[in-house]
Amino acid sequence: MTMISGVFICSICMKQLGTDSWSRMVKIEVAEQPCNKSLIPLSEVQFVHYPQPQNYSRKECMCTPVRFFAIISSQRSGSGWFETLLNSHINVSSNGEIFSNKERRNNISSIVKTMDKVYNLDWNSSASKNECTAAVGFKWMLNQGLVANHAGVVDYFNQRGVSTVFLMRRNLLRQMVSQLANNHDRYIKQLNGKHKAHVHTRDEANILARYKPRLNTTTLIWSLKQADDYTRDALENLKSVRHMTMYYEDLIQNRTKLVDVLDFLKVPRRKLVSRHVKIHTKPLSDQIENWDEVYNALNGTQFESFLTADYRI
1120 MTMISGVFIC
1130 SICMKQLGTD
1140 SWSRMVKIEV
1150 AEQPCNKSLI
1160 PLSEVQFVHY
1170 PQPQNYSRKE
1180 CMCTPVRFFA
1190 IISSQRSGSG
1200 WFETLLNSHI
1210 NVSSNGEIFS
1220 NKERRNNISS
1230 IVKTMDKVYN
1240 LDWNSSASKN
1250 ECTAAVGFKW
1260 MLNQGLVANH
1270 AGVVDYFNQR
1280 GVSTVFLMRR
1290 NLLRQMVSQL
1300 ANNHDRYIKQ
1310 LNGKHKAHVH
1320 TRDEANILAR
1330 YKPRLNTTTL
1340 IWSLKQADDY
1350 TRDALENLKS
1360 VRHMTMYYED
1370 LIQNRTKLVD
1380 VLDFLKVPRR
1390 KLVSRHVKIH
1400 TKPLSDQIEN
1410 WDEVYNALNG
1420 TQFESFLTAD
1430 YRI
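In this note's numbering, the protein residues as written are 1120 to 1432.
This is the structure we're talking about:
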């Protein structure tokens, strides 16, 4: 009688639950199984994430840990070239200047909403690696709402375990020449009526390099000092986040520096490639129209080193 009663009660319970309910319970149980984090050092736990995108499933890679990063830079510092190098890595997705859109950087709320979408792997771009992503991030220029909202950004980066790469340029004079040349082409459009900030052939690079800007020597020192102070102050406000600092000149002269970046992001080492072709390869004396005036203006000042600190390509 006891056995019969037990079977009867079980059958009633199964009917009440129904097949669909039972399958839902099983699915929930499987979905909530945590990924094994035992192999991750305690000091690294806050930097390891397991995103669950809304638009697709990571499938067999769902327990592949993902690192969050941001490339902090300024215009004409080699960040475009640097980002293409990172994106040549099969496990890295860097999604470009997402905050070039003013609506996304209106306030800290819109900034956080945008970053959440990127770090949840729901941002759709040509750089997305989807399932196999092990490091996801974007490029952020200092003047794209970062300086104005630095306090909120620092809090977000520290809470979410975002690693930052500060990519700067030592020679601010070369950076100025590059910026002026880029602004010139923005209006002139020298390549078949199209403006290109970056090129992929030597012929295109030579065309853009023909332009030699004439610098205002009256305000030159003030402009360089202002650019230097702006960058220093910005990085000072961001120094409490996990970061590494890289310089464009170091990367140009020593590609092995890229290994340091891959180690910092905790992704496998591999050869990184880019189709970008450098535009300005000549000495500064061949790239500035009024070179003699510029030389005399900076010689003997704190920016004197910019005149001779060249690198060979």
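Glycine included, every Cβ here is placed at the ideal spot set by N, Cα and C.
It is roughly 44 Å from the alpha-carbon of Arg1351 to the alpha-carbon of Glu1179. With contacts defined by Cβ atoms closer than 8 Å, Asn1290 and Phe1425 form a contacting pair. Pairing Lys1397 with His1314, the inter-Cα distance amounts to about 16 Å.
Around the beta carbon of Thr1283, 16 or more other beta carbons sit within 10 angstroms, so the residue counts as buried. Contact between the stretch 1230 to 1237 and the stretch 1158 to 1165 is absent, with fewer than three C-beta pairs closer than 8 Å. Here the alpha carbon of Ala1246 sits roughly 15 Å from the alpha carbon of Ser1198. Taking 8 Å as the cut-off, the Cβ atoms of Lys1248 and Ile1190 do not count as close. Its Cα nearest to that of Ser1207, the residue Thr1252 stands out among Ile1227, Val1167, Thr1252 and Glu1216.
Between the stretch 1371 to 1387 and the stretch 1317 to 1328, the count of C-beta pairs closer than 8 Å stays below three; the two stretches do not touch. In the structure shown, Tyr1175 adopts coil according to DSSP, grouped into three states. Nearest in C-alpha terms to Arg1374, of all of Leu1384, Val1392, Arg1195 and Tyr1349, is Val1392. By the Cβ-count criterion, Trp1242 is buried, with 16 or more other Cβ atoms from all chains shown falling within 10 Å of its own Cβ. Excluding residues up to 5 positions away in sequence, Cys1154 lie with their Cβ nearer than 6 Å to the Cβ of Tyr1169 in the same chain.
For Arg1293, the enclosing alpha helix (DSSP H) stretches over residues Leu1291 to Ile1307. Following the DSSP letters along the chain, one finds Met1234 in no beta strand (DSSP E) but inside the alpha helix (DSSP H) bounded by residues Ile1227 to Tyr1238.
At least 8 Å separates the beta-carbon of Met1365 from that of Leu1292.
Counting C-beta atoms within 10 angstroms of its own C-beta, Tyr1367 has 16 or more neighbours from the protein chains shown and is therefore classed as buried. In this structure, the beta-carbon distance from Lys1258 to Glu1216 falls below 8 Å.
Its chain contains His1314 as the residues whose beta carbon lies nearer than 8 Å to that of Arg1305, once the 5 sequence neighbours on both sides are disregarded; these appear in chain order. Under the DSSP assignment, Ile1407 falls outside any beta strand (DSSP E); it carries neither an H nor an E label. Secondary structure note for Gly1256: its beta strand (DSSP E) is the uninterrupted segment Ala1254 to Met1260.
In the three-state DSSP reduction, Ser1196 falls in the coil class, being neither helix nor strand.
Relative to Val1386, the option among Phe1188, Ser1157 and Pro1172 whose CA is nearest is Phe1188.
Residue burial is scored here from C-beta neighbours: Asn1268 has at least 16 other C-beta atoms within 10 angstroms and is therefore classed as buried. Assignment of beta-bridge partners to Val1211 by DSSP yields Ala1254.
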